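> Its first residue numbered 0, the sequence shown is counted upward by one per residue in numbering that gives the first Met the number 0. In this text, a Cβ means the ideal position worked out from N, Cα and C, and glycines have one as well. These numbers were taken from a predicted model, which means no experiment stands behind them.
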Amino acid sequence: MTPADLSRTVLHAVRRAVDEDALRAPVPARVRVERTRPGGSGDYACAVALQLAGPAALPALEVARILRERVAAEPGVGRVEITGPGFLSFTLDAPAESDRAVLAAVREQGLAYGHGDALRDEIHQFHHAREVRAAVTAQAVRRLLVAQGARVRTTCEQAPDPDWIRLGVTVDAYGTPPTPLTEIRPVPAGATAGELLERLGPDAARWGLLRAAGHDRAALGPELLVQGEANQLFRVRYARARARALTRGAAALGFTAEAAPYGESSTEPAAHGASPAAQAANAPYDRAARPLLDLIADHPGVLLAGARHRAPERVARQLEAVAHAFFDFHDSCPPLPAGDEKPSAAHRARLAIAEAAGTVLAGGLSLLGIRAPEHL
Numbered sequence: 000m001t002p003a004d005l006s007r008t009v010l011h012a013v014r015r016a017v018d019e020d021a022l023r024a025p026v027p028a029r030v031r032v033e034r035t036r037p038g039g040s041g042d043y044a045c046a047v048a049l050q051l052a053g054p055a056a057l058p059a060l061e062v063a064r065i066l067r068e069r070v071a072a073e074p075g076v077g078r079v080e081i082t083g084p085g086f087l088s089f090t091l092d093a094p095a096e097s098d099r100a101v102l103a104a105v106r107e108q109g110l111a112y113g114h115g116d117a118l119r120d121e122i123h124q125f126h127h128a129r130e131v132r133a134a135v136t137a138q139a140v141r142r143l144l145v146a147q148g149a150r151v152r153t154t155c156e157q158a159p160d161p162d163w164i165r166l167g168v169t170v171d172a173y174g175t176p177p178t179p180l181t182e183i184r185p186v187p188a189g190a191t192a193g194e195l196l197e198r199l200g201p202d203a204a205r206w207g208l209l210r211a212a213g214h215d216r217a218a219l220g221p222e223l224l225v226q227g228e229a230n231q232l233f234r235v236r237y238a239r240a241r242a243r244a245l246t247r248g249a250a251a252l253g254f255t256a257e258a259a260p261y262g263e264s265s266t267e268p269a270a271h272g273a274s275p276a277a278q279a280a281n282a283p284y285d286r287a288a289r290p291l292l293d294l295i296a297d298h299p300g301v302l303l304a305g306a307r308h309r310a311p312e313r314v315a316r317q318l319e320a321v322a323h324a325f326f327d328f329h330d331s332c333p334p335l336p337a338g339d340e341k342p343s344a345a346h347r348a349r350l351a352i353a354e355a356a357g358t359v360l361a362g363g364l365s366l367l368g369i370r371a372p373e374h375l
């Protein structure tokens, strides 16, 4: 069960409680679930009972009890606890199946993994100054919102800078709107689009403009062009390219990815007398893969939050975290056999995780308007 699946499950429980007259309250348009914080209980937590307590004229603990029995009966949910003043904490059943469902969703949806229709009823109109950072930010916010089903229109104070097109920016109209519109107005970049394109090129320029929060100054120095670990854009794109290289390498060795039940067929006993490398390839890798799998599962929620809060920097930081976890996983659990090793179920499962990470990185970069090359 993915976080999005769990959110829908809780929302379904609310509807059931209302339909059965166990709860008299308006059904919310969506329910937010979050990973449990350190020291908390379960895998995920939700504050929907506190949200509904007032409208239902019931204590939050009573609302939580009404919802707990309905959510606990759903497939994929192992345990539901009530904590604090009325929080619901969920422990998912069979994490191996949950991981496999996430990997299958990434494979099926491809670059659109994390897109949805949560904002399908929303219409937004944004207005921005004739300034490159405002224009690029407005365009990225538009992409994020459209990916969640919203309809978006952008306007500019004056005729757009012709160089914006090379940065992937277009506007629907320009001039002073007849009524005030929501403004996208980050700290100005201090340079024109043409200057940034000449110094950095389109990809590095967009990353620099979007990586920092709008109220912070954008870092637009030559470090964005450094081909090394210190440059987060390079690290993200290299992780994507490395994931694609793993797929090509596996094909050359005659095997493909398989989202096997995590922790089951992902660990095969090494043959008697196998080399240390072969034994390492078949060793359990839960600890090394868990952070990466969690980040992949969280990706849809990050995209939705980035859209709702008009914060493309959240997506950029998520991609950095995925790239970091990818390299940790890759180094601890190589997806490709080495030396005389034969491809095993462990390698196929690892490759599935690596490919999913590469897809998430490419999809996130695409939403930011940045290319994700397969070779670096």
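Would you kindly work out how many angstroms separate the C-alpha atoms of alanine 296 and threonine 175, rounded to a whole number?
As a working note, residue 296 is residue 297 in the sequence shown. As a working note, residue 175 is residue 176 in the sequence shown. The straight-line gap from Cα to Cα measures roughly 42 Å.
> Are there three or more Cβ pairs, one per stretch, closer than 8 Å when the segment 48-56 is compared with the segment 15-35?
Yes, they touch.
> Which class does serine 40 belong to by DSSP, given the choice of helix, strand or coil?
On the sequence shown, residue 40 is found 41 positions in, with the first residue counted as 1. Looking at serine 40 - three-state DSSP - the assignment turns out to be coil, as it is neither helix nor strand.
> Below 8 Å on the Cβ atoms is my guess for valine 105 versus valine 359; work out the distance and round it to an integer in Å.
To locate residue 105, count along the sequence shown from 1; it is residue 106. To locate residue 359, count along the sequence shown from 1; it is residue 360. Right, the Cβ-Cβ distance comes to about 7 Å (below 8 Å), so this counts as a contact.
> Is it buried or exposed, alanine 111, if we count other Cβ atoms within 10 angstroms and call 16 or more buried?
Position 112 of the sequence shown, counting from 1, holds the residue named residue 111. Looking at its Cβ environment, which holds fewer than 16 other Cβ atoms inside 10 Å, alanine 111 is exposed.
> My output table needs one value for histidine 308: the three-state DSSP class, helix, strand or coil.
Residue numbering aside, residue 308 sits at position 309 when the sequence shown is read from its first letter. Correct three-state label for histidine 308: coil.
> With 16 other CB atoms within 10 Å as the buried threshold, where does leucine 164 fall?
Looking up residue 164 in the sequence shown gives position 165. Note on residue identity: the sequence assigns isoleucine, not leucine, to residue 164. Result: exposed.
> How is the beta strand (DSSP E) around arginine 247 delimited, first residue to last?
Within the sequence shown, the letter at position 248 stands for residue 247. For arginine 247, no beta strand (DSSP E) segment is defined; the enclosing uninterrupted segment is the alpha helix (DSSP H) at 231-252.
> Which value, in whole angstroms, describes the spacing of the CA atoms of glutamate 156 and aspartate 171?
Numbered from its first residue, the sequence shown carries residue 156 at position 157. Numbered from its first residue, the sequence shown carries residue 171 at position 172. Between glutamate 156 and aspartate 171, the C-alpha separation is close to 11 Å.
> For the beta strand (DSSP E) containing histidine 123, list its first residue and its last residue.
The sequence position of residue 123 within the sequence shown is 124, counting from 1. Unbroken beta strand (DSSP E) run through histidine 123: 122-127.
> I need the DSSP call for serine 365, collapsed to helix, strand or coil.
Here residue 365 refers to the residue found at position 366 when the sequence shown is read from its first residue. Serine 365 falls in the helix class under three-state DSSP.
> Kindly list the residues whose CB is nearer than 8 Å to the CB of leucine 252, restricted to its own chain and excluding five residues on each side of it in sequence; keep chain order.
Within the sequence shown, residue 252 is the residue found at index 253, counting from 1. Excluding the 5 residues flanking it on each side, leucine 252 has same chain C-beta neighbours closer than 8 Å at Leu335, Pro336, Pro342, in chain order.
> Can you give me the start and stop residues for the beta strand (DSSP E) that arginine 34 sits inside?
Here residue 34 is taken as the residue at index 35 of the sequence shown, counted from 1. Its beta strand (DSSP E) spans residues 32-34.
> Note down the Cα distance separating alanine 276 from proline 74, rounded to an integer number of angstroms.
Position 277 of the sequence shown, counted from the first residue, corresponds to residue 276. Position 75 of the sequence shown, counted from the first residue, corresponds to residue 74. For alanine 276, the predicted model reports a pLDDT of 44, less than 50, meaning its position is unreliable; a value from the coordinates is still stated below. Approximately 39 Å between the Cα atoms of the pair.
> Give me the DSSP bridge partner(s) of phenylalanine 326.
Numbered from its first residue, the sequence shown carries residue 326 at position 327. According to DSSP, phenylalanine 326 bridges with nothing at all.
> So, are the CB atoms of leucine 219 and glycine 207 less than 8 Å apart?
Against the sequence shown, residue 219 aligns to sequence position 220. Against the sequence shown, residue 207 aligns to sequence position 208. Yes, the pair counts as a contact, with Cβ atoms nearer than the cut-off.
> Does the separation of the CB atoms of leucine 166 and alanine 192 fall below 8 Å?
Here residue 166 refers to the residue found at position 167 of the sequence shown. Here residue 192 refers to the residue found at position 193 of the sequence shown. It is a contact, given that the beta carbons lie within the stated cut-off.
> Just to confirm the assignment: which complete alpha helix (DSSP H) runs, minimum length 4, are found wholly within the segment 76-164?
94-108, 131-146
> Could you check what DSSP says for threonine 169 in three-state terms: helix, strand or coil?
Here residue 169 refers to the residue found at position 170 of the sequence shown. In the structure shown, threonine 169 sits in coil (DSSP, three-state: anything other than H, G, I, E or B).
> Check each candidate in Ile352, His374, His308 and name the one with the smallest Cα separation from arginine 289.
Taking the sequence shown and counting its residues from 1, one reaches residue 289 at position 290. Here the closest residue by C-alpha is Ile352.
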